[in-house]
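Remarks on the structure that follows.
Numbering (this note's numbering), first residue to last: 28 to 370.
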C-alpha cells in the first residue's frame, strides 16, 4: 500500500515537472528579444516613389514579403535644378515623417543609421556622387530609375559597385508585373518579339528615353531579354518609335507617347501564342523584389542587362541625331567605355 502511494506521488511530481518545464519554456520564448528589422535609408525625397516605398515598408501589418524591414531615415536632397522635382521636397518631408522616418542632414548621417539604401533621387545625374559613399560603407543599394544621367555614369556605377563587392540593382516597376515575369520564365515558350508602349515625357537634362521612356524600354527587355544588336528611331514632337533587332533575328519595339491616349501596355509574340500585355500593376511587386534583394544580397536584374538597356536608349538618341540611321549597340558601349577609362 505504501509503495503504491510512493509511485502515485512520483508520477504526480513528474507531471508537475513537465508542466512547469513547459511553462518555463514558453515564458523563455516570450522573453526572447524581437528580431531587429533591417533598417533602410532613403536618399532623395524629390519623387513620389520615396513616399510610396516608405509607406509599404513601415505598415503595421506589411504585405507578404515585406516583413522585417523598416525605413528609418531619409536624406531629402535630390535634384538641384529640375523644378518638377525640387518643388516636391518640402511636402514629401512632411509626408514621410508621418510614417516614422527621421530626416537627416547628410548621407554619412544616414549611413550611420541603416543597413541598406534606397537611392530615390528622381534626377539621375547626382546618382554617381550619391552612391559612392554608400559603396564605401559597404551598404547594399537599390537605385531607382534612371540609374544615372548618362550611359557613362551608369557603367561607372556598376563597375565601382563590383570593385567594392557591394550588391546593387536598378529597375523600373514595369519589370516585375506578374504576367511579365511568367512570360520571361517561358509561359509562352520563347518570346519571338514584343512591342511595348508607355508615356515618354522628356527632360532636357537627360537622354530622351532615360526620364520616362525607361518604363516601356524596361518592359521590352523584361520580355525579350538582352542581346539587342541594332537600334533605329523615328521621332516626332508627340511620339517615339524605337525598333531593336536582336542577335538571333528577333524584333522588339518601344512606342513612346506624349499626346493623346496613353498608359502602359503592349503585345508579346510567343512560340505558343500572341498575348496583349496588361497595364502597370503598382509599386508593390517592385518593392517585394527590393526586399528580397536586401534579404539575399542577390540582384534580380543582371548588371549586364541593365547596362544594355541603357545603351539601347543611348543608341536611340544617336539614331535620332543621325536622322533615323541604324546604330549598333556595341559601338555605343565601346564609346561609353572609352570615356569611363579616361575618367
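All C-beta atoms, glycine included, are put in the ideal place defined by N, C-alpha and C. Here the structure is a predicted model, which is why all the values come from computation and not from measurement.
Under the assumption that residue 227 contacts residue 356 (Cβ atoms under 8 Å), give the Cβ distance between them as a whole number of angstroms. In the chain shown, the residue the question calls residue 227 occupies position 200. In the chain shown, the residue the question calls residue 356 occupies position 329. Between residue 356 and residue 227 the Cβ distance is about 20 Å, and since that is not below 8 Å, they are no contact.
Measuring alpha carbon to alpha carbon, tell me which residue in 358, 311, 273 is nearest residue 82. As a first step, residue 82 is located in the chain shown; it is residue number 55 there, counting from the start. The residue with the shortest Cα to Cα distance from residue 82 is 311.
Along the chain, which unbroken stretches of the alpha helix (DSSP H) at least 4 residues long are found entirely within the segment 81-126? DSSP runs (the alpha helix (DSSP H)) wholly in the segment 81-126: 110-113, 116-124.
Based on Cα-Cα distance, which residue from 113, 114, 210, 190 lies nearest to residue 295? As a working mapping, residue 295 is identified with position 268 in the chain shown. Ranking 113, 114, 210, 190 by Cα distance to residue 295 puts 210 first.
Nearest candidate by alpha-carbon position, reference residue 141, set 203, 99, 321, 351: As a first step, residue 141 must be located in the chain shown, where it is residue number 114. If we check each option's Cα against that of residue 141, 99 comes out closest.
How is residue 365 classed by DSSP in three states: helix, strand or coil? Counted from its first residue, the chain shown places residue 365 at position 338. It is helical.
Contact under 9 Å by Cβ, residue 85 with residue 127: For the purposes of this step, residue 85 is taken as residue 58 along the chain shown, with counting starting at 1. For the purposes of this step, residue 127 is taken as residue 100 along the chain shown, with counting starting at 1. Taking 9 Å as the Cβ cut-off, residue 85 and residue 127 qualify as a contacting pair.
By Cβ distance, which residues of its chain are closer than 8 Å to residue 338, with the 5 residues on each side in sequence left out? Start at 1 with the first residue of the chain shown, and residue 338 comes out as number 311. Taken in chain order, the residues that qualify are 178, 356, 359, 360, 363.
Going by other Cβ atoms of all chains shown within 10 Å of its Cβ, with 16 needed for buried, is residue 199 buried or exposed? The sequence position of residue 199 within the chain shown is 172, counting from 1. Residue 199 is buried by the Cβ-count criterion.
Could you pull the start and end residues of the beta strand (DSSP E) that residue 221 belongs to? Here residue 221 refers to the residue found at position 194 when the chain shown is read from its first residue. 218-226 is the extent of the beta strand (DSSP E) around residue 221.
Helix, strand or coil, according to DSSP, for residue 53 in the structure here? Reading the chain shown from its first residue, position 26 is the one you call residue 53. Per-residue confidence for residue 53 stands at a pLDDT of 42, beneath the threshold of 50, marking its modelled position as unreliable; the derived number appears in the next sentence. DSSP places residue 53 in helix when its eight states are reduced to three.
In or out: residue 110 buried (at least 16 other Cβ within 10 Å) or exposed? Stepping through the chain shown from its first residue, residue 110 is reached at position 83. So residue 110 counts as exposed.
Please state whether the Cβ-Cβ distance between residue 304 and residue 206 is less than 9 Å. The residue labelled residue 304 in the question sits at position 277 within the chain shown. The residue labelled residue 206 in the question sits at position 179 within the chain shown. Yes.
Around the C-beta of residue 283, are 16 or more other C-beta atoms found within 10 angstroms, so that it is buried, or is it exposed? The count along the chain shown starts at 1 and reaches residue 283 at position 256. Under this definition residue 283 is a buried residue.
Residues that residue 292 bridges to, as DSSP identifies them: Here residue 292 is taken as the residue at index 265 of the chain shown, counted from 1. Residue 292 is bridged to 224.
For residue 71, the nearest candidate out of 281, 62, 276, 157 (CA to CA): As a working note, residue 71 is residue 44 in the chain shown. That would be 157, whose Cα lies nearest to the Cα of residue 71.
Decide if residue 352 is buried, meaning its Cβ has at least 16 other Cβ atoms within 10 Å, or exposed. The sequence position of residue 352 within the chain shown is 325, counting from 1. Around the beta carbon of residue 352, fewer than 16 other beta carbons sit within 10 angstroms, so the residue counts as exposed.
In angstroms, rounded to a whole number, what distance separates the CA positions of residue 250 and residue 320? For the purposes of this step, residue 250 is taken as residue 223 along the chain shown, with counting starting at 1. For the purposes of this step, residue 320 is taken as residue 293 along the chain shown, with counting starting at 1. So the two alpha carbons sit approximately 21 Å from each other.
How would you write the range of the beta strand (DSSP E) that residue 258 sits in, first residue to last? Taking the chain shown and counting its residues from 1, the one referred to as residue 258 is at position 231. Unbroken beta strand (DSSP E) run through residue 258: 255-262.
With respect to the alpha helix (DSSP H) encompassing residue 156, which residues constitute its N-terminal and C-terminal limits? The residue you call residue 156 lines up with position 129 of the chain shown. Per DSSP, residue 156 belongs to the alpha helix (DSSP H) from 154-163.
Sorted by chain position, which residues of the same chain lie with C-beta nearer than 7 Å to residue 247's C-beta, five sequence neighbours on each side aside? Numbered from its first residue, the chain shown carries residue 247 at position 220. Taken in chain order, the residues that qualify are 221, 223, 279, 281.
Does residue 68 come out as helix, strand or coil in the three-state DSSP assignment? Here the question's residue 68 lines up with position 41 in the chain shown. Three-state result, residue 68: strand.
Which ranges would you report for the beta strand (DSSP E) in the segment 165-193 if only whole runs of at least 3 residues count? 168-171
State the DSSP-derived secondary structure class of residue 281, mapped to helix, strand or coil. By one-based count along the chain shown, residue 281 stands at place 254. It is a strand residue.
Kindly indicate which three-state DSSP category residue 307 falls into: helix, strand or coil? Against the chain shown, residue 307 aligns to sequence position 280. It is coil, neither helix nor strand.
By Cβ distance below 7 Å, which residues in the same chain neighbour residue 135 in space, the five residues on each side in sequence not counted? Translated into the one-based positions of the chain shown, residue 135 becomes position 108. Beyond the five residues adjoining it in sequence on each side, residue 135 comes within less than 7 Å, by CB distance, of 160 in the same chain, given in chain order.
The alpha helix (DSSP H) enclosing residue 243, as first and last residue numbers: Here residue 243 refers to the residue found at position 216 of the chain shown. Note, residue 243: alpha helix (DSSP H), 241-251.
Are residue 343 and residue 328 closer than 9 Å when you measure CB to CB? For this step, residue 343 is matched to residue 316 along the chain shown. For this step, residue 328 is matched to residue 301 along the chain shown. No, Cβ-Cβ distance for residue 343 and residue 328 is not below 9 Å.
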